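First comes the structure, then the notes that go with it.
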Amino acid sequence: MRVVAAEFRKLLTLPSALVAIGFTVAAMPGLAAQTASQIAARLDAGGPEVVGTVSTLNVGFYLVPFAVIGPIVLGIVLAGSEYTRGNRDTDGGRQITASLTAVPARGTLLMAKASVLVVLSGVLAAVVVPATIWLTQTVLGEHGHTWDELAGTLGWRVAGAVAYWVLMSLLAFAVTLVARSGIVPMIFFVVNSSMVSFSFLLTRATPLAKYLPDVAGTQMFSPDYPAEGMLGPVPGGLVMLAWTAGLLAVAALVLTRRDA
Amino acid sequence: MRRPARDGHPGPVIEFIGLTKRHGRKLAVDDVSFTVCPGRVTGFLGPNGAGKSSTLRILLGLDFADAGTALVGGRPYREIRNPLRTVGSLLDGSGAHRSRSARAHLTWLACSNGIPRSRVGEVLDVVGLADVAGRRVSTYSLGMGRRLGLAAALLGEPEVLVLDEPVNGLDPVGIRWIRGFLRAYAAEGRTVLLSSHLMGETAETADDLVVINAGRIVTRGSVQEVVGGHASLEESFFALTEGLSR
Amino acid sequence: MTSHLWRVVAAELIKLRSLPAVPATVGTTVAVTAGLAFVAGRAGVDSPADVAFQVITYAQAGFILLGVLTVAAEYGGGPIRTTLAAVPGRVALTVAKLAAYVLIAVPFAAVTVVAACRVAGRTGVPVGATAYLVLVGALAFAVALLVRGVLTALGIMLTLAFAVSPLLATLTEYAAYLPDLAGARMFRPGPPDVLTPGQGAVVMAAWVVCLLGTAVAAFAQRDA
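Residue numbers (numbering that gives the first Met the number 0), protein chains in the order written: chain A, 0 to 259; chain B, 0 to 245; chain C, 0 to 223.
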């Protein structure tokens with residue numbers, strides 16, 4: 000437990016982690032509220048209630064696959080900061096040395112870090128996602144939906160979104176630990192969370208793409224994934240969970256075997 | 000480089016005039032003034048955090064002084080054309096990017112200051128890194144990194160050497176070697192300024208001493224003068240610095 | 000002065016070449032771009048032109064990384080001190096770094112664009128796309144000079160190019176004036192025609208110049 004507390008302190012004293020959290024907390028509700036006010040204005044003018052793929056129902060929700068960049072950056076920073084060189088000292092000074100001398104049990108260290116990440120991105124998602132839904136419905140005003148309606152449509156999808164953020168941050172964390180540098184994971188994960196992701200491109204090329212972690216995981220919350228023949232929410236979540244567990248196991252194996 | 004003074008003796012090559020530097024509210028360097036003369040090894044002594052590195056960083060144009068100036072050969076470092084051919088410097092670490100090879104590091108340095116490429120091989124030989132010059136710097140030991148930093152300092156055959164804690168990370172053989180090297184360098188009429196927190200080592204290498212504590216110069220003079228009536232430089236140093244901090 | 004500046008440019012080129020991450024970035028970007036163009040082309044959903052535009056949008060990640068590395072590889076350790084000891088003129092140093100970046104980025108961008116177009120089955124070499132890739136890296140260069148960290152600069156630029164800009168574009172037409180969206184008009188037809196390709200190029204270049212100016216001003220007066 001002490002190790003977990005120490006890891007919490009380490010992560011929350013990293014400026015880039017705080018920026019990632021702040022960005023997520025500000026950007027997702029902000030952008031969604033802006034979209035909601037545009038939809039409301041359009042409805043007031045007698046227009047259709049759907050703008051692109053965004054409707055009054057999912058306006059608080061459509062940013063979930065993009066705002067996951069926040070938790071992803073948390074995962075990358077948590078692992079990557081251990082391997083960044085200190086500012087003054089070129090020829091050593093990576094934090095991993097201090098971490099491993101403080102906590103020589105590497106499995107414990109990995110578990111502590113992963114727990115911190117689960118709690119942090121879990122809380123982040125559990126706060127930001129419902130808050131965004133509430134905010135957009137408030138902005139929509141009379142065009143909004145009742146809580147029963149929302150619960151009926153979104154309900155379990157909110158839990159799916161939280162799970163998606165947590166698993167995504169763990170994936171980024173595991174890949175960064177193995178790579179020992181945040182650069183490639185940062186490019187890969189952020190680009191892949193863009194409007195048109197690599198994996199989405201792959202769903203058009205091969206049916207096997209539905210087993211990719213992010214494509215499978217997206218089924219946990221996405222009401223209208225723009226491709227055919229995808230997995231259901233529960234199998235999709237399980238596939239993503241399996242990927243995450245597998246990659247964490249690889250990271251654990253690599254971390255316990257290699258020299259710091 | 001050496002500026003002959005009117006009486007025929009060479010004048011000071013490095014001058015600090017009323018140098019002051021703040022880090023936030025803390026005064027890191029407080030009105031520091033002293034000169035360094037050619038043909039001598041000058042030791043810049045002080046405990047950790049006394050302001051040695053800050054002073055040297057300002058001298059090398061890396062940091063900005065809040066007041067005062069630091070001059071090399073009468074000019075600020077930043078105004079020297081091809082500075083590596085005038086001043087060789089070594090700060091902490093190797094100063095090289097860890098995924099570059101030592102040879103590539105020295106090659107770009109030489110290129111940037113119009114130094115013949117042949118010097119790269121020469122300085123690698125001098126510091127004893129010729130066999131490992133193609134390896135990435137990240138695979139080097141601390142001592143090898145320091146040797147590479149020294150090679151970079153010597154690259155331009157400078158008249159002035161400014162070294163921050165040069166013996167840090169060197170083994171006894173390396174320390175002995177650098178001591179002889181610096182003495183010989185100064186004996187050729189060149190200027191050597193080295194900072195250290197190691198009393199005994201500095202007493203053996205330096206001719207002149209400048210002692211700094213908490214950002215202020217507490218004493219300066221030849222080694223004999225600074226040691227004065229004390230049993231050793233170390234005794235003298237503690238007498239000077241502790242008396243002040245009380 | 001000019002011969003001095005050229006020597007510094009040559010030194011910066013040696014630095015970039017001898018940094019293993021740089022050839023790796025160039026090679027990986029070209030290979031991944033061609034590979035994606037192949038996969039997306041095989042899917043046959045989009046026209047060859049659309050496929051080429053899409054993969055060039057991905058390829059900008061490589062140019063962002065190149066721009067960031069040119070500057071930020073100096074930080075997070077000792078190299079910046081060595082560099083400034085060798086070349087104390089900070090404006091000249093930045094000019095030389097930018098020149099070295101451009102000398103590598105222009106052929107790199109041309110090869111990337113040609114690869115994307117050929118594999119996607121589109122003929123011709125869009126000069127606009129090449130210019131865009133070089134400029135987006137220059138923007139990353141400026142951001143890296145301001146924030147002085149590889150991961151931080153990379154995070155900012157990638158989030159801008161791959162999340163913030165595309166999302167804002169769906170919300171407001173003013174988003175067309177964001178640097179990357181304005182510049183993209185040089186090779187990609189924009190939905191609401193707020194900017195012509197020429198105007199887009201000017202807007203993006205203006206962003207790059209302003210950010211570079213700010214970054215150089217900051218760099219010229221801060222401690223290394």
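Note that CB positions come from ideal geometry on N, CA and C, so glycine has one too.
Just so it is clear, the structure is predicted and the values come from calculations on it, not from any experiment.
C-beta contact flag for residue i and residue j at 8 Å
i, j, result
"Arg175/B", "Thr204/B", "no"
"His217/B", "Leu239/B", "A small fix is needed here, since residue 217/B is Val in this sequence, not His. Yes, the Cβ-Cβ distance between Val217/B and Leu239/B is below 8 Å."
"Ser168/A", "Pro70/A", "yes"
"Glu164/B", "Ser194/B", "yes"
"Ser15/A", "Val76/A", "yes"
"Leu139/A", "Thr55/A", "yes"
"Pro47/C", "Arg121/C", "yes"
"Thr201/B", "Pro37/B", "no"
"Leu83/C", "Leu147/B", "no"
"Ile211/B", "Phe15/B", "no"
"Met185/A", "Gly154/C", "yes"
"Val28/B", "Thr54/B", "yes"
"Val112/C", "Thr129/C", "yes"
"Leu26/B", "Ile57/B", "no"
"Lys20/B", "Asp91/B", "no"
Proximity test, Cβ basis, 8 Å: residue i and chain F
i, result
"Ala174/C", "No chain F appears in the structure shown, which is made up of the protein chains A, B and C."
Residue i - DSSP class collapsed to helix/strand/coil
i, result
"Ile75/A", "helix"
"Phe187/A", "helix"
"Glu141/A", "helix"
"Ala72/C", "coil"
"Arg56/B", "helix"
"Gly94/B", "coil"
"Ile216/B", "strand"
"Glu14/B", "strand"
"Ala223/C", "coil"
"Arg87/A", "At Arg87/A, the pLDDT of 39 sits below 50, so the modelled position is not reliable; the number obtained from the coordinates is stated separately. Reduced to three states, the DSSP call for Arg87/A is coil."
"Ser164/C", "helix"
"Ala69/B", "strand"
"Phe163/B", "According to the sequence as given, residue 163/B is Asp; it is not Phe. Strand at Asp163/B."
"Leu169/B", "coil"
"Val18/A", "helix"
"Asp62/B", "coil"
"Gly197/C", "helix"
"His104/B", "helix"
"Val58/A", "coil"
Within chain C, the residues that residue i reaches when beta carbons sit closer than 8 Å
i, result
"Ile182/A", "Ala20, Leu64, Val149, Leu150 and Leu153"
"Asp91/B", "Gly77"
"Arg80/B", "His3"
Buried or exposed (CB count within 10 angstroms, at least 16 for buried), residue i
i, result
"Thr137/A", "exposed"
"Ser231/B", "exposed"
"Pro212/A", "buried"
"Phe63/B", "exposed"
"Val133/C", "buried"
"Thr89/A", "Model confidence at Thr89/A stands at a pLDDT of 36, short of 50, so the residue's coordinates are unreliable and nothing is read from them."
"Cys209/C", "exposed"
"Ala109/B", "buried"
"Ser100/B", "buried"
"Trp155/A", "exposed"
"Glu73/C", "buried"
"Asn112/B", "buried"
Interface partners of residue i on chain B, CB under 7 Å
i, result
"Leu83/C", "Gly60 and Leu61"
"Lys96/C", "The premise fails here: Lys96/C is roughly 11 Å from chain B at the closest Cβ pair, so nothing lies under 7 Å."
"Arg80/C", "Leu61, Leu90 and Gly94"
Where residue i meets chain B, residues with beta-carbon distance less than 8 Å
i, result
"Ala223/C", "Arg56, Leu61 and Asp62"
"Ala72/C", "His96"
Cross-chain neighbours of residue i in chain C, by beta carbon under 9 Å
i, result
"Ile186/A", "Ala60, Gly61, Ile63, Leu64, Leu153 and Leu157"
Chain-ordered chain A contacts of residue i [CB-CB under 7 Å]
i, result
"Val38/C", "Leu200, Leu201 and Ala204"
"Arg41/C", "Ala204"
Residue i: contacting residues in chain C (beta-carbon distance under 7 Å)
i, result
"Ser100/B", "Ser17"
"Ser193/A", "Phe161, Ala162 and Pro165"
"Ala238/B", "Neighbours of Ala238/B on chain C: none; closest Cβ ~34 Å, over 7 Å."
"Ser88/B", "Ala84"
Contacts of residue i in chain B (Cβ-Cβ under 9 Å)
i, result
"Pro87/C", "Leu59, Gly60, Leu61, Pro75, Tyr76, Arg77, Glu78, Ile79 and Pro82"
Using a Cβ cut-off of 9 Å, which residues of the segment 9-39 of chain A contact any Cβ in chain C, in chain order? Pro14, Ser15, Val18, Ala19, Phe22, Ala26, Leu30, Gln33, Thr34 and Gln37
Could you run through the segment 207-223 of chain C and flag, in chain order, every residue whose CB is less than 9 Å away from some CB of chain A? none
Taking beta-carbon pairs under 9 Å, can you tell me which members of the segment 61-83 of chain A lie near chain C? Sequence-ordered contacts of the segment 61-83 of chain A with chain C read Leu62, Phe65, Ala66, Ile68, Val72, Ile75, Val76, Gly79, Ser80 and Thr83 [C-beta pairs closer than 9 Å].
What residues in the segment 105-132 of chain B have a beta carbon less than 9 Å from any beta carbon of chain C? Thr106, Trp107, Leu108, Ala109, Cys110, Ser111, Asn112 and Gly113
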